Each structure stands twice: as C-alpha cells, then as structure tokens.
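In the working numbering, the protein residues as written are 1327 to 1552.
We put the beta carbon where it would ideally sit given N, CA and C, even for glycine.
A quick note: this is a predicted structure, and the numbers were derived from the prediction, not measured.
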C-alpha cells in the first residue's frame, strides 16, 4: 500500500510539473524527425517535423488553448533547420540542442558554486514556495546534490552528442537526442523527486509550512513536494 501511495504521489507531482505544458507538442516533432530521417532522408524529415509543429500551433490556436509549447516547437525546428542549412551539414540540425545542453551544464555547476542550486530555482518557478526556504542550511544540501545529478546527466548527454556530431553520424545523433530528451528527462525528474524528498526528511529541516510560520525546531521536515 505504501508503494502504491508513493507511485501515486510521484504521478501527481509529475502532472503538476508537466500538465498544461504541451508535452506532446514538444515530443512528437523530434520523434517524427528521427523516424523520417531513418526512412526517407533528412530533407523530408525536416519538413515533416516542421509541418507537424506548425499543425500543433494551428490546432492549439483554433481551440484557444495555450500555444507556448507549440510555438516553441515551431521555433526550435526552424532554428535547427536554419543552422543545418547554414553549416551545410545535416548534423547541424542538432547543434542548438547541443549548445543548450552545454549551457545547462555550466548553469548547474555555476549555481552550485554560488550556493544557489539550479534545481531549487526550477522548483521555485514551478511551486512559488518562499525563495529563502531553499537556501536554509538544512534544505539547500538536497537541492545541491540533485543539481550535481542534473549536471552529470546533461554532461553525459553532451559528450555523446559531441561524439556523434564530430563523426557525422546523423541517425545515431538523432536517436540519442530523442532517447535522452524527454524520456530521459522524465526519468531524471522521477529520480530527482524520490531522492530529493528522501534527503529532505533526513536533513530534518523545516517544511515549507513550518518555515512560513516561523516554527522553531525540531521540525517535521518537508514530506511531500520537491
């Protein structure tokens, strides 16, 4: 029963983080690109991915749904295609993702050095908990450790991308990008939540509610949510 409760809790947390963000709008165009690139070639793959992204944008707009994710999909495909054409290299399509991954690694490491871990900022943007709570000495270590995990993940992905980019292995680069994109990030989010909530309990710092209320120790610690 406790395992079922934990799984339900994780699912609820993922829904809170991802709901309304147009996840399908983000996942489907790259997936279609990978499949079409393997079957019929790069040019058709770019047009297929771009057309799908535009179709999502039109559907969201006609239904008066949020278009942020769909618009992001259109812009990302357009930018990737432009870079590929500019470099006259098919693997250039993935260069924007490679650059953004490198920036993520730098931000993660830099945020830890500055004692303001990146994962804490990500949580703050999503949950709007008091920012000072994240910097509490019995809270921040959990976010610091998970930020190191994020840095390791994105660094591993970056190294794989650079290897296949230099080798000109477009198909392998495409599949790596796909598998270590949202599927891999979803797994990373699950690990982040499970480890993060466990670590907060063991740090025995104040929960968000206790922090807001100015409750003195000993604290119950944050039991749900990260």
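Query                                                                                                              : Result
9 Å Cβ cutoff met for residue 1371 and residue 1399                                                                : no
Inter-residue CB distance, residue 1417 and residue 1551 (contact presumed, cutoff 8 Å)                            : Not really, about 40 Å apart at Cβ, beyond 8 Å.
Rounded distance between the beta-carbons of residue 1503 and residue 1356, thought under 8 Å                      : 7 Å
Cutoff 8 Å; reference residue 1467; Cβ partners in own chain excluding five residues on either side                : 1525, 1529
Proximity winner among 1506, 1501, 1476, relative to residue 1518 (alpha-carbon distances)                         : 1476
Rounded straight-line distance, which links the Cα of residue 1471 to that of residue 1462                         : 14 Å
Residue 1537, buried or exposed, once every other Cβ within 10 Å from all chains shown has been counted against 16 : buried
Under the three-state DSSP convention, the category residue 1351 falls into                                        : helix
Of the listed residues 1363, 1516, 1488, nearest to residue 1423 (C-alpha basis)                                   : 1488
C-alpha distance - residue 1388 paired with residue 1394, whole-angstrom precision                                 : 14 Å
Residue closest to residue 1446, alpha-carbon to alpha-carbon, out of 1493, 1485, 1474                             : 1474
Start-to-end residues for the alpha helix (DSSP H) that takes in residue 1537                                      : 1534-1539
Cβ-based burial, residue 1453 [other Cβ within 10 Å; buried from 16]                                               : exposed
Residue span of the alpha helix (DSSP H) that contains residue 1497, given as start and end                        : 1496-1505
Own chain residues within Cβ distance below 8 Å of residue 1375, not counting five before or after                 : 1355, 1356, 1358, 1359, 1362, 1403
Buried versus exposed call for residue 1492 [16 or more other C-beta atoms within 10 Å across all chains shown]    : exposed
Residue 1542 burial status per 10 Å Cβ neighbour count (16 or more: buried)                                        : exposed
Neighbour-count burial assignment, residue 1458, 16 or more Cβ in a 10 Å radius                                    : exposed
Sequence-distant residues of its chain with Cβ nearer than 8 Å to residue 1346 (five each side left out)           : In this predicted model, residue 1346 has a pLDDT of only 48, less than 50, meaning its place in the structure is not dependable; the value taken from the coordinates is given anyway. The residues are 1392.
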